[in-house]
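The numbering of the sequence shown is the numbering used here, which starts it at 1 and goes up by one. Below is one structure; the comments refer to it alone.
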Amino acid sequence: MRFLSIYKTVETNVPPTPEEMARMGKLIEDAMKSGELLETQGCLPSALGARVRRDGDKVTVTDGPFTESKELVAGFAILQAKSKEEAIRIAKRFLEVAGGGECELRQIFETPDQVSQFSLETLQSAGASPHR
């Protein structure tokens with residue numbers, strides 16, 4: 001199974017130290033070699049970003065920085081795991097090195113067979129709403 005890990009943290013605009021970069025580099029290298037990390041990227045500061053929002057027919061664009069947000073997306077990873085529990089273990093190990101924040105894990109849709117596993121009733125009982 002593949003999982004999208006969305007890393008969110010408080011934006012400090014302070015670059016990581018060389019030691020922090022080395023620890024993260026080793027974690028990434030080891031996880032790539034083991035096959036549990038397929039892809040990862042960090043994000044530049046929110047001051048360089050934009051939010052595009054649509055509500056009905058109205059589209060608004062807001063340039064960064066996004067100072068009203070407590071936590072912002074700082075990066076993402078695509079994980080390969082045998083289960084949700086294994087993906088959680090991988091995310092915990094990442095957060096130990098990152099030093100804080102949170103990882104939102106979402107299983108990635110891979111095959112049409114997965115659709116039959118999740119009926120509308122199952123999604124609704126989990127509090128999810130079907131998308132249009």
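Glycine included, every Cβ here is placed at the ideal spot set by N, Cα and C. Only a predicted model underlies this, so the values are computations on that prediction, with no experimental measurement involved.
- By the Cβ criterion, the stretch 50 to 69 is not in contact with the stretch 26 to 36, since fewer than three pairs of Cβ atoms, one from each stretch, lie closer than 8 Å.
- Residue 11 counts as buried, since at least 16 other C-beta atoms from the protein chains shown sit within 10 angstroms of its C-beta.
- One Cα belongs to residue 8, the other to residue 57, and the distance between them is close to 30 Å.
- For the options 108, 97 and 111, the alpha carbon positioned closest to that of residue 17 is the one of 97.
- DSSP places residue 91 inside the alpha helix (DSSP H), whose first and last residues are 84 to 98.
- For residue 63, the three-state secondary structure derived from DSSP is strand.
- The residues 62, in chain order, have a CB closer than 6 Å to that of residue 51 in the same chain once the five nearest residues on each side in sequence are set aside.
- Along the stretch 35 to 60, the beta strand (DSSP E) occurs as fully enclosed runs of 3 or more residues at 37 to 42 and 50 to 55, listed in sequence order.
- Residue environment: residue 91 is assigned as buried (16 or more neighbouring CB atoms within 10 Å of its CB, all protein chains considered).
- Less than 9 Å separates the beta-carbon of residue 77 from that of residue 40.
- In this structure, residue 81 and residue 24 do not form a Cβ contact; the two beta carbons are roughly 20 Å apart against a cut-off of 8 Å.
- Residues 9 of the same chain have their beta carbon placed closer than 7 Å to that of residue 100, with the five preceding and five following residues left out of the count.
- Cβ-Cβ distances below 7 Å link residue 47 to 64 and 65 in the same chain, with the five nearest sequence neighbours on each side left out; the list follows chain order.
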